[in-house]
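Numbering (our numbering), first residue to last: 53 to 185.
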């Protein structure tokens with residue numbers, strides 16, 4: 053079994069796709085529209101989709117009034133620089149930061165939490181729990 057896609061609920065699929073396109077450089081999929089948009093890597097990697105949901109409510113992170121249900125992690129070279137660039141594009145950085153020495157929690161424009169991380173050495177990367185508190 054191979055994971056091929058992750059889809060996020062949101063109010064405005066094209067706007068959220070544009071945010072993640074700017075953040076990752078992954079191109080917008082050809083058939084994207086106001087109901088469902090996506091990013092598809094030219095190398096056939098993971099598809100990142102965004103589907104419109106009527107009455108969408110963003111997750112309430114770090115609280116659980118509206119659960120986050122999932123989050124994405126992105127490797128970056130510099131946590132501060134990457135977070136600042138994402139804020140310019142509409143993201144927010146919450147005050148609550150569980151491990152600011154290892155990762156930075158950011159909320160996309162639709163409110164989904166995701167993490168920026170510094171790439172770990174190969175030995176740690178093979179153990180997903182190695183950086184967990």
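Beta carbons are placed, not taken as given, at the ideal position from N, Cα and C, and that holds for glycine. Only a predicted model underlies this, so the values are computations on that prediction, with no experimental measurement involved.
Open item on the list: Give me the residue from 123, 100, 147 and 102 with the minimum Cα distance to residue 111.
Closed with: Reading the chain shown from its first residue, position 59 is the one you call residue 111. Ranking 123, 100, 147 and 102 by Cα distance to residue 111 puts 123 first.
TODO: Buried or exposed for residue 161, please, with buried defined as at least 16 other CB atoms from any protein chain shown within 10 angstroms of its CB.
DONE: What you label residue 161 is simply residue 109 of the chain shown in a count that begins at 1. With 16 or more other Cβ atoms from the protein chains shown falling within 10 Å of its own Cβ, residue 161 counts as buried.
Task: Beta-carbon gap between residue 102 and residue 167 smaller than 7 Å - done: By one-based count along the chain shown, residue 102 stands at place 50. By one-based count along the chain shown, residue 167 stands at place 115. When the beta-carbon positions are compared, residue 102 and residue 167 stay at least 7 Å from each other.
Open item on the list: Mapping the DSSP letters down to three states, classify residue 70 as helix, strand or coil.
Closed with: Position 18 of the chain shown, counted from the start, is the residue given in the question as residue 70. In the structure shown, residue 70 sits in a helix (DSSP, three-state: H, G or I).
Task: Residue span of the beta strand (DSSP E) that contains residue 49, given as start and end - done: Residue 49 lies beyond the residue range present for the chain, which begins at 53 and ends at 185; the question has no answer from this structure.
Open item on the list: Please classify residue 114 as buried or exposed, where buried requires at least 16 other C-beta atoms within 10 Å of its C-beta.
Closed with: Here residue 114 corresponds to residue number 62 of the chain shown, with the count starting at 1. Per the 10 Å Cβ criterion, exposed.
- [ ] Label residue 65 either buried or exposed according to how many other C-beta atoms from any shown protein chain fall within 10 Å of its C-beta, with 16 as the threshold for buried.
- [x] Counting from one through the chain shown, the residue named residue 65 turns up at place 13. Burial call: buried.
TODO: May I have the straight-line CA-CA distance separating residue 148 from residue 117, to the nearest angstrom?
DONE: As a position in the chain shown, residue 148 is number 96, starting the count at 1. As a position in the chain shown, residue 117 is number 65, starting the count at 1. Computed Cα separation, rounded: 16 Å.
TODO: Report all residues from its chain with a CB closer than 7 Å to the CB of residue 143; omit the five preceding and five following residues, and keep chain order.
DONE: Counting from one through the chain shown, the residue named residue 143 turns up at place 91. These residues qualify, in order along the chain: 158, 159, 160 and 161.
Task: residue 92, buried or exposed, once every other Cβ within 10 Å from all chains shown has been counted against 16 - done: Here residue 92 is taken as the residue at index 40 of the chain shown, counted from 1. It is buried - the Cβ of residue 92 has at least 16 other Cβ atoms within 10 Å.
TODO: With DSSP collapsed to three states, give me the class of residue 138.
DONE: Position 86 of the chain shown, counted from the first residue, corresponds to residue 138. In this structure, residue 138 counts as helix in the three-state DSSP scheme.
Open item on the list: I need the straight-line Cα distance from residue 56 to residue 96, nearest angstrom please.
Closed with: Numbered from its first residue, the chain shown carries residue 56 at position 4. Numbered from its first residue, the chain shown carries residue 96 at position 44. Their Cα atoms are separated by approximately 9 Å.
TODO: Would you kindly work out how many angstroms separate the C-alpha atoms of residue 187 and residue 137, rounded to a whole number?
DONE: Summary: the structure shown does not reach residue 187, with the chain confined to residues 53 through 185, and so no result is reported for it.
- [ ] Out of 169, 71 and 154, state which residue places its alpha-carbon closest to the alpha-carbon of residue 100.
- [x] Taking the chain shown and counting its residues from 1, one reaches residue 100 at position 48. Minimum Cα distance to residue 100 is reached at 71.
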